[in-house]
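Trainee:
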């Protein structure tokens, strides 16, 4: 529980709390208000009320601090930061990694997204010029993104090419092997790192950045990612007792020979270790 007494400078409740506890986010406080997890003078409130001097505020949410998020910082300089996003945490939106980090930086913007249940490296810009340049570099594949995954079976070939259509109502992405109306081309290169049993550990590189691209592509060709509850196999997931999808954005390669800002990162590789707890049950 977080408690404090209001002084004469405060007006709205949320403004008062954020001044006292900047590690909290506005959206987090709005959610607490909706859930009646905040008391003023011992009375639960359900709206962003004005405070009077001396009002006692009690907030029943777990306090968080910057060091919690700094532990996820993999690289940072004056222009760019790379953070590790855990599984189950949204990239953007309410209570997301991006939203939390905005409490600790004057400027920070995500340059791409990861699926909620995919963990790994996310790139953030620390100023507007860097943001525009990073978007361009990612689009031109000057910053290459690599993933590791465990898939069922042994995928054939070295590249998957499909045409994807996302259903805006369900959020499900459908894959086609030929161009259809409204479809976007999705290309994924991959290599098998090792095979064991009836599964394979792979490294995949996105040549395009479409929603659920890796998950949909491998599932379409009969090699679903273990633990994927949307495009994978529930039977396989149960057999391996895997409850979280085995997919991690683990490496970034910077091939930047010409850039207004980022020449100093040319040749840099940022990588995190990955270990998937996969063991088939008898």
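In my numbering, the protein residues as written are 9 to 290. Ideal placement from N, C-alpha and C gives every residue a C-beta, glycine not left out.
Closest by CA to residue 165, which one among 143, 182, 195?
Mentor: By 1-based counting over the chain shown, the position of residue 165 is 157. Checked all of 143, 182, 195; the closest Cα to residue 165 is 195.
Trainee: Can you list, in chain order, the residues of its chain whose CB lies under 8 Å from that of residue 271, leaving out five sequence neighbours each side?
Mentor: Along the chain shown, read from residue 1 onward, the residue named residue 271 stands at position 263. If we look at residue 271 and ignore the five residues flanking it on each side, its Cβ neighbours are 264, 265.
Trainee: Compute the beta-carbon to beta-carbon distance between residue 141 and residue 276, rounded to the nearest angstrom, for a pair I have assumed lies under 8 Å.
Mentor: Here residue 141 refers to the residue found at position 133 when the chain shown is read from its first residue. Here residue 276 refers to the residue found at position 268 when the chain shown is read from its first residue. Actually they do not touch by this definition, with Cβ atoms about 15 Å apart.
Trainee: On the premise that residue 123 lies in contact with residue 256, defined as a C-beta separation below 8 Å, what is that separation, rounded to the nearest angstrom?
Mentor: Position 248 of the chain shown, counting from 1, holds the residue named residue 256. Position 115 of the chain shown, counting from 1, holds the residue named residue 123. 11 Å between Cβ atoms; not a contact.
Trainee: Could you check where the alpha helix (DSSP H) with residue 224 kicks off and where it finishes?
Mentor: In the chain shown, residue 224 corresponds to position 216, counting from 1. That run of the alpha helix (DSSP H) goes 221 to 228.
Trainee: Kindly provide the ranges of any beta strand (DSSP E) runs that are 3 or more residues long and lie completely inside the stretch 25 to 54, ordered along the chain.
Mentor: If we require 3 residues or more, the beta strand (DSSP E) runs fully inside the stretch 25 to 54 come out as 46 to 48.
Trainee: Looking at the unbroken beta strand (DSSP E) that takes in residue 292, where does it start and where does it end?
Mentor: In the structure as shown, the chain begins at 9 and stops at 290. Residue 292 is therefore absent and cannot be evaluated.
Trainee: In the DSSP assignment, find the alpha helix (DSSP H) that holds residue 265 and state where it starts and stops.
Mentor: As a working note, residue 265 is residue 257 in the chain shown. Note, residue 265: premise wrong, no alpha helix (DSSP H); not H, not E.
Trainee: What did DSSP end up calling residue 107 once you bin it into helix, strand or coil?
Mentor: The count along the chain shown starts at 1 and reaches residue 107 at position 99. Helix, per DSSP.
Trainee: Exposed or buried, residue 223, counting other C-beta atoms within 10 Å across all chains shown (16 or more means buried)?
Mentor: On the chain shown, residue 223 is found 215 positions in, with the first residue counted as 1. Residue 223 should be labelled buried.
Trainee: So, residue 22 versus residue 56, is the Cβ gap smaller than 8 Å?
Mentor: Sequence index remark: in the chain shown, residue 22 carries index 14 (1-based). Sequence index remark: in the chain shown, residue 56 carries index 48 (1-based). Yes.
Trainee: Looking at the unbroken alpha helix (DSSP H) that takes in residue 113, where does it start and where does it end?
Mentor: For this step, residue 113 is matched to residue 105 along the chain shown. Per DSSP, residue 113 belongs to no alpha helix (DSSP H) and is neither H nor E.
Trainee: Check this for me: beta carbons of residue 69 and residue 53, under 8 Å apart or not?
Mentor: Locating residue 69 in the chain shown gives position 61, counting from the first residue. Locating residue 53 in the chain shown gives position 45, counting from the first residue. Cβ atoms of residue 69 and residue 53: not closer than 8 Å.
Trainee: Here's the rule I'm using: 16 or more other beta-carbon atoms within 10 Å means buried, otherwise exposed. How should residue 150 be labelled?
Mentor: The count along the chain shown starts at 1 and reaches residue 150 at position 142. It is buried - the Cβ of residue 150 has at least 16 other Cβ atoms within 10 Å.
Trainee: With distance defined between alpha-carbon atoms, name the residue in 254, 119, 208 nearest to residue 285.
Mentor: The count along the chain shown starts at 1 and reaches residue 285 at position 277. Of 254, 119, 208, the residue nearest in Cα terms is 254.
Trainee: Given 8 Å as the limit, is there contact between the stretch 154 to 164 and the stretch 203 to 223, that is, 3 or more CB pairs closer than that?
Mentor: With the cut-off at 8 Å, the stretch 154 to 164 and the stretch 203 to 223 touch.
Trainee: What would DSSP say about residue 284, mapped onto helix, strand or coil?
Mentor: Numbered from its first residue, the chain shown carries residue 284 at position 276. Coil, per DSSP.
Trainee: Could you tell me which of 103, 58, 87, 13 sits nearest to residue 37, measuring between CA atoms?
Mentor: What you label residue 37 is simply residue 29 of the chain shown in a count that begins at 1. Of the candidates 103, 58, 87, 13, the one whose C-alpha sits nearest the C-alpha of residue 37 is 103.
Trainee: Give the DSSP bridge partners of residue 66, in chain order.
Mentor: Working through the chain shown from its first residue, we reach residue 66 at position 58. Its beta-bridge partners are 11, 47.
Trainee: Buried or exposed: residue 290, going by 16 or more other Cβ atoms within 10 Å of its Cβ?
Mentor: Against the chain shown, residue 290 aligns to sequence position 282. Because residue 290 carries a pLDDT of 48, less than 50, the predicted location of this residue cannot be relied on, and no value is offered for it.
Trainee: Can you give me the start and stop residues for the beta strand (DSSP E) that residue 133 sits inside?
Mentor: What you label residue 133 is simply residue 125 of the chain shown in a count that begins at 1. Start and end: 127 to 133.
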